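**Q** One structure, pasted below without further comment.
Residue numbers (my numbering): -13 to 1130.
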């Protein structure tokens, strides 16, 4: 096919020069048909197939890729180096001692990650291989989903999911609409309406659809579920007719067709380019405070290891300065060894000592911590108290890496609507020109009990006022996106709302709209349906009114309003607009503004959500102008949203105010109790909301965030207009610092003698605070002054906040000099940014979709469950993992320090104290299970007490159990125990004599003396001491604790007998043959073991007794009281009453 010059010029400018307007668009040929001659040049673009790949590995790259990822961890890489050193040089211990634990850790992690990826592969295959119906040559054929191509026309039946992103061409419904649920995408279960292309909606048969000749130009794939820009060129008699395409024409992969028999649609995005796949992107990795402490401790122990190796290397060469010691008669060197450079010899010896002492770094701790976090997360998911009967949902753990962080939260940032409140709207009243109408107890389509009469408060309006009143009711019946869902009756006949109330109900993505339409129904105007682009209303006289729906100016969070343009049956044109008061009042030119504004402010103070309603009559000429304006904006491929916003701004002006509505968003069950508990636990609670100040403040009082004696400090636009921001900030700063000066902030916030401050700031003022001004040199300090004010306030309310501002507030607190642990909780897409920004993000399974849940670290059904997940689960997880980390370092110091001391008695010859099997299995088998079980089931205090006395949370605040003094105590305790074990065994073997057959025997114990006997005695005392130490620290005993603690000790004894050839004679040729049995055959050895274990544990027991007697924490006081009064059944309740009065 030849190309004319104009077409060639277009191609060159588009694909070679890179014309800006075409960079971000793609052209799709419906049914892969070439455009007619003289139209667009046919250039088939390459697009990916429809395979979804959520897996991380393939069969071929699993081993190298997984190994690479695992060895990026510092600890794994370190042990790999140690293992390689053992293979390369002559080291005192076998490479197995390092290689086997490393292999165990790597294997366990690889199996876990491989299994998870296999599940992902399995899920991908089930999706990719499912069959779909495709229109080909006028016939519907079946094809695997993965084989779909961009441009294919697909046929989808009711209740089927869309296999990729589609543009709707036609449906089984005459008006070209279809109903879709997007629950799998955003969690919204309501039916959404989508529209077929106007010029193709009449094509319902296979042949007709196959005859469509059109191309689609649209933007390249992007992840926003709610945005799409494109246009379709339909060739009618070879002449293209352009129509705009928007998100209302786009059917997303994963959504399901409902209440529509079938549809035809064309594929535009496939596979990993679909919006659902683009939303798979992983969140940034969050690290807990415990993990940071763990890494710091590892660095300290690595330094200790290097210092040990250097000391031993230096002392070795000092010892060997005497030639007799350097080359004893039984260990003469070869000539090659004598000629080796001393630096190389010293470095080799240094590496050998590093290998000998490397067990001080606990490699198995990483896998134990991972298992503890992974298995521990199931306790949250299994918690029946966090199961919501109404939703049928349990708590969900999206990441188990932050379990212990739940016990360290200092700041809680919460959304208001749907988080603190139910997002379950109840219509309260409407105000028309100052006349108030109250329809009682209308709640989301259900008439509440006791609401059998309509209470109307008015002043008997005249005919003109009655006309305005009816116009107001019509406006609310028409200005919305509510759908009517009709259900079949027993006889199979579908009934409308005006036939039977029980058979139909309203559904919408916005609970506000349903409440308003239901409220109008109670006041006499019933919205019936949208049919053939006509909206039907049943008025008070039981007459059906029809209005043609011409345009919908959709709601967005920037404009905070929506409008419709309708044509009445009389031919009159109206623009009806509803929205927030701040977006309606500036656009009003007439109406009773003062009366309505007064009512709006009154309702806002009462905590009600208010909306204002206005209208504008349009002449035919004005309507034509509006149509042209909207048409130009809708057909734009670039900056369509911006152009539409500009068009809406021009259209929605010169409005006449009709009135306002008020709906109530009720507080969630136990929301106030939860906030009060968080305050008692020492957490600062901030509410971040997009609502107006008065409504948000009323909710804060109701939820006990603010109390009646709280002095409210305002940092709002209204105040900064009266005086400069600089002066306002310094006034507030002086106010709070005058009261709190010289007092501890933590305590002052709860003191009854101190003034309780609450701060309210709005989004506009926050922007000014966050962005330093150019004209004021002091403005750079605004952030610090603002933070200082916030620190001294018990609660903060941020209203009129944009989603990005919520994240900025969280980041501001998170990066302040104290670096507090932050938690963000929300239920909507507008909360995702702050959920991702906070240290811990929690999603509420609310009515605003599941985007918050999908992006959160944890998801809970209701706000009240936050109390248990923090005060109980968070508390337990932190206690458990703190003990796990400290205990691991302690038991490894006990393990390796005797090896260090032993070098002083063996001429620094790198002789191991323990047998290879003991070195290998100490961390893997003998001491691993007890601490793992402890870290899963330990409960130092009953969970009911933790819930009833939130102040116990303060005992573990600010990473208190992993501070340096406690870490040093555990390390010193490990060194002390190691010294007791080593020198206790050493003095036991102090006096030795030769037997008749030339063997050494101790004179005081009559035990065969030898290196392995000595090492085995030390190791036996070691295993029993560290296990008993954990038993002493255990407060909550279960059969599992008993099984693993005593079972581990029995396993050690059995293994030693087996390894010594007693139970398995085939091992009688190795160096440990009969050593363990020989040691146990001596009575004094048994006594020594008991005495050494007692001497090792005694100081720790004494320290605990003294500390608990003189300086007990709140937790320890409750533990002691509980033990004293355990026999009385009512004790726990009494404790919960008294413990809250205990301070520390």
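Ideal Cβ positions, reconstructed from N, Cα and C, are used throughout, including at glycine.
It should be emphasised that the depicted structure is a prediction, and the values quoted were computed from it without experimental measurement.
Helix, strand or coil: how does DSSP classify residue 1012 here?
**A** Residue 1012 falls in the helix class under three-state DSSP.
**Q** Among residues of its own chain, excluding the 5 on either side of residue 881, which ones have a beta-carbon nearer than 7 Å to its beta-carbon?
**A** Cβ within range, chain order: 345, 908 and 1008.
**Q** Distance cutoff 8 Å, beta carbons only. Does residue 425 sit that close to anything in chain D?
**A** Checking the listed chains, one finds no chain D in this structure; it contains a single protein chain.
**Q** Within 10 angstroms of its Cβ, does residue 840 collect 16 or more other Cβ (buried), or is it exposed?
**A** Buried.
**Q** Please classify residue 1033 as buried or exposed, where buried requires at least 16 neighbouring CB atoms within 10 angstroms.
**A** Under this definition residue 1033 is an exposed residue.
**Q** How do the segment 112 to 129 and the segment 368 to 380 stand: do at least 3 beta-carbon pairs fall below 8 Å, yes or no?
**A** Taking 8 Å as the limit for Cβ pairs, the verdict is that the segment 368 to 380 does not touch the segment 112 to 129.
**Q** Name, in chain order, the residues that DSSP records as bridge partners for residue 796.
**A** BP columns for residue 796 are empty, so no partner.
**Q** Would you mind reading off the limits of the beta strand (DSSP E) that contains residue 229?
**A** That run of the beta strand (DSSP E) goes 225 to 231.
**Q** Short of 6 Å in beta carbon distance, which residues of its chain neighbour residue 1082, apart from the five on each side in sequence? Order them along the chain.
**A** If we look at residue 1082 and ignore the five residues flanking it on each side, its Cβ neighbours are 963, 966 and 1011.
**Q** Helix, strand or coil for residue 107 per DSSP?
**A** Residue 107: helix per DSSP, three-state reduction.
**Q** From residue 953 to residue 865, what does the alpha carbon distance come to, in whole angstroms?
**A** Whole-angstrom Cα-Cα distance: 14 Å.
**Q** Assuming residue 198 contacts residue 179 under a Cβ cut-off of 8 Å, what Cβ separation, rounded to an integer in Å, is found between them?
**A** The pair is not a contact, with the Cβ atoms about 22 Å apart (cut-off 8 Å).
**Q** So which of 333, 327, 645 and 275 has the shortest CA-CA distance to residue 300?
**A** The shortest C-alpha separation from residue 300 is found at 333.
**Q** Could you tell me which residues DSSP pairs with residue 945 in its beta bridges?
**A** Residue 945 pairs with nothing; no bridge assigned.
**Q** Can you give me the C-alpha to C-alpha distance between residue 870 and residue 211, rounded to a whole angstrom?
**A** The straight-line gap from Cα to Cα measures roughly 44 Å.
**Q** Return the residue from the list 132, 243, 297 and 244 that minimises the CA-CA distance to residue 886.
**A** Selected option, being the one with the closest Cα: 297.
**Q** Going by the CB atoms, is the gap between residue 254 and residue 152 shorter than 8 Å?
**A** Yes, they are a contact pair.
**Q** Does the Cβ-Cβ distance between residue 1013 and residue 1035 come in under 8 Å?
**A** The answer is yes: Cβ separation under 8 Å.
**Q** So what's residue 806 in DSSP terms, helix, strand or just coil?
**A** Note: residue 806 maps to coil in three-state DSSP.
**Q** Three Cβ pairs or more, each shorter than 8 Å: is that satisfied between the segment 237 to 252 and the segment 151 to 165?
**A** With the cut-off at 8 Å, the segment 237 to 252 and the segment 151 to 165 touch.
**Q** Going by Cα to Cα distance, which pick from 820, 946 and 33 is closest to residue 276?
**A** Cα-wise, what sits closest to residue 276 is 946.
**Q** May I ask which residues mark the beginning and end of the beta strand (DSSP E) holding residue 514?
**A** Where residue 514 is concerned, the enclosing beta strand (DSSP E) stretches over 512 to 517.
**Q** Following the continuous alpha helix (DSSP H) through residue 255, name the residue where it begins and the one where it ends.
**A** Run containing residue 255: none in the alpha helix (DSSP H); it sits in the beta strand (DSSP E), 248 to 255.
**Q** Please name the residue in 282, 541, 452 and 643 whose C-alpha comes closest to that of residue 627.
**A** Minimum Cα distance to residue 627 is reached at 541.
**Q** For the segment 633 to 640 against the segment 900 to 914, are there 3 or more C-beta pairs whose distance is under 8 Å?
**A** Contact fails: fewer than three Cβ-Cβ distances are below 8 Å.
**Q** With the cut-off set at 8 Å, would you say residue 86 and residue 906 are in Cβ contact?
**A** Yes, the Cβ-Cβ distance between residue 86 and residue 906 is below 8 Å.
**Q** When you compare only the Cα positions, how much space is there between residue 848 and residue 754?
**A** Cα-Cα distance, rounded: 34 Å.
**Q** Let me know the alpha helix (DSSP H) ranges lying completely inside the segment 23 to 107, each 4 residues or longer, listed in chain order.
**A** Entirely contained in the segment 23 to 107, the alpha helix (DSSP H) runs reaching 4 residues are, in chain order, 48 to 56 and 60 to 74.
**Q** Once you ignore the five residues that flank residue 1094 on each side, which residues in its own chain have a CB closer than 6 Å to its CB?
**A** Around residue 1094: 1102.
**Q** If you compare alpha carbons, which of 392, 652 and 387 is closest to residue 498?
**A** Here the closest residue by C-alpha is 652.
**Q** Contact check, residue 744 vs residue 689 under 8 Å by CB: the rounded distance?
**A** Rounded, the Cβ-Cβ distance is 12 Å, inconsistent with contact.
**Q** Please determine, among 546, 548 and 561, the residue with the shortest C-alpha to C-alpha distance to residue 536.
**A** Closest option to residue 536, Cα to Cα, is 561.
**Q** Would a C-beta distance cut-off of 8 Å place residue 241 and residue 168 closer than the cut-off?
**A** Result yes, Cβ atoms of residue 241 and residue 168 sit closer than 8 Å.
**Q** Can you check DSSP and say which residues form a bridge with residue 825?
**A** Residue 825 pairs with nothing; no bridge assigned.
**Q** Could you have a look at residue 330 and say whether DSSP puts it in helix, strand or coil?
**A** In the structure shown, residue 330 sits in a helix (DSSP, three-state: H, G or I).
**Q** If I'm right that residue 824 touches residue 800 with Cβ under 8 Å, what's the distance once you round it to whole angstroms?
**A** Yes, residue 824 and residue 800 are in contact; Cβ-Cβ is about 7 Å, under 8 Å.
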